[in-house]
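K.L.:
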Amino acid sequence: FFKQKTAYEIYQCDWSSDVCSSDLLTDLEAITLYDAAIQSEFLIAAFGDDRLLGFIGAKRLALLCDEAYIWFYHTKIAEKHPYIVARWSIKVINNLLSQYSTICGVCVNNESKRWLTWLGAVFLPTSDRTMPFIIGAKK
52 FFKQKTAYEI
62 YQCDWSSDVC
72 SSDLLTDLEA
82 ITLYDAAIQS
92 EFLIAAFGDD
102 RLLGFIGAKR
112 LALLCDEAYI
122 WFYHTKIAEK
132 HPYIVARWSI
142 KVINNLLSQY
152 STICGVCVNN
162 ESKRWLTWLG
172 AVFLPTSDRT
182 MPFIIGAKK
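Going by this note's numbering, the residue at position 8 of the sequence shown is 59; the numbering climbs one at a time, nothing skipped.
1. Using 10 angstroms around the beta-carbon of W139, count the other beta-carbons present and answer buried if the total reaches 16, otherwise exposed.
2. Let me check understanding here. Comparing Cα to Cα, which of R180, K142, D179 and K131 lies closest to G171?
3. For the candidate residues A113, L104 and Q150, whose alpha-carbon lies nearest to that of F123?
4. Quick one: grab the DSSP three-state call for E162.
5. At a cut-off of 7 Å, is G156 close to the ligand FMN when judged by its beta-carbon and the heavy atoms of the ligand?
6. Could you tell me if A137 is buried or exposed, where buried requires 16 or more neighbouring beta carbons within 10 angstroms of its beta carbon?
7. Where P176 and P183 are concerned, what is the direct C-alpha to C-alpha distance, given to the nearest angstrom?
8. Considering only their Cβ atoms, is the gap separating A88 from F106 smaller than 8 Å?
9. If C155 and I185 are in contact, beta carbons under 8 Å, what's the gap, nearest whole angstrom?
10. Which residues bound the alpha helix (DSSP H) around K127?
11. Going by CA-CA distance only, name the one from F174, D100 and Y151 that's closest to L115.
12. For Y151, which three-state DSSP category applies?
13. How about H132 and G108: do their beta carbons lie closer than 8 Å?
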């Protein structure tokens, strides 16, 4: 039912037929997602029943830094499989924390904030509507 693909496997496939040509993404979403994906050092996709559930990508903040910026994109299909996405997310976060001391990002809605809190995120104070967060290695 569930499988992951690495960045190499994703790039080996025809991106447009596997991801962007579906009714899941608008043209703008597809372009934005593709741009984020090609800039990521770490990229993994989750599929359920051979349908895309989501991507998690990460990029080192600076050349000699052991912190990474993370982004997550999920499809509407993922909303129907929250437990699969949760298990997948935990594995990916643990993998990233084995490579980086800290993961950071920006959350855009309360649903994502609940999910990130569950994954161990700590939210930083801000004066605008964004919700910056960090996830550190558990000690």
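All residues carry an ideal CB built from backbone N, CA and C; glycine is no exception.
P.N.:
Inspection of the coordinates gives the following:
1. For the purposes of this step, residue 139 is identified with residue 88 of the sequence shown, where counting begins at 1. The residue is buried, with at least 16 neighbouring Cβ atoms inside 10 Å.
2. By one-based count along the sequence shown, residue 171 stands at place 120. Answer by Cα proximity: K142.
3. If you number the sequence shown from 1, residue 123 lands on position 72. Comparing Cα positions, the closest option is L104.
4. Here residue 162 refers to the residue found at position 111 when the sequence shown is read from its first residue. Of the three classes helix, strand and coil, the one that applies to E162 here is helix, per DSSP.
5. The model depicted lacks the ligand FMN and carries no ligand whatsoever.
6. Along the sequence shown, one-based indexing puts residue 137 at 86. Classification for A137: exposed.
7. Within the sequence shown, the letter at position 125 stands for residue 176. Within the sequence shown, the letter at position 132 stands for residue 183. Cα to Cα, the separation comes out at about 8 Å.
8. Here residue 106 corresponds to residue number 55 of the sequence shown, with the count starting at 1. Here residue 88 corresponds to residue number 37 of the sequence shown, with the count starting at 1. Going by C-beta atoms, F106 is nearer than 8 Å to A88.
9. For the purposes of this step, residue 155 is taken as the residue at position 104 of the sequence shown. For the purposes of this step, residue 185 is taken as the residue at position 134 of the sequence shown. Yes, they are in contact, since the Cβ atoms of C155 and I185 sit about 5 Å apart, within 8 Å.
10. Counting from one through the sequence shown, the residue named residue 127 turns up at place 76. Start and end: K127 to E130.
11. As a working mapping, residue 115 is identified with position 64 in the sequence shown. With distances taken between Cα atoms, L115 lies closest to Y151.
12. As a first step, residue 151 is located in the sequence shown; it is residue number 100 there, counting from the start. Coil at Y151, not helix or strand.
13. Locating residue 132 in the sequence shown gives position 81, counting from the first residue. Locating residue 108 in the sequence shown gives position 57, counting from the first residue. No, they are not a contact pair.
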